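J.:
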Amino acid sequence: MKRRFRKVVNPTGAGDVFASSLLCALHVTGSIRTATEVAAQLAAESVTRFAIEGTPTPDEVRAALAE
């Protein structure tokens, strides 16, 4: 997984993004390790945008799963 560092804009909802991404990725991959990495990546990216804008799009979820 490639590390990216950006400024935190708003941490609201990061836990929700992590939890939902974890379940989605676990369902798709069957791997808790991969699911955790994907969820952490999407939650980290979510804090770089404000409020609802931080919610990952379906395309962002697919891209994270493809990495």
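In our numbering, the protein residues as written are 16 to 82.
The C-beta atom is built at its ideal place from N, Cα and C for all residues, glycine as well.
These numbers were taken from a predicted model, which means no experiment stands behind them.
(1) Are the beta-carbon atoms belonging to Ile47 and Leu41 less than 8 Å from one another?
(2) Do the CB positions of Val43 and Leu57 come within less than 8 Å of each other?
(3) Among Ala79, Ala59 and Pro71, whose alpha-carbon lies nearest the alpha-carbon of Arg21?
(4) In three-state DSSP terms, what is Gly28?
(5) Looking at the structure shown, is Gly69 part of a helix, part of a strand, or coil, going by DSSP?
T.: Quick answer:
(1) yes
(2) no
(3) Ala59
(4) coil
(5) helix
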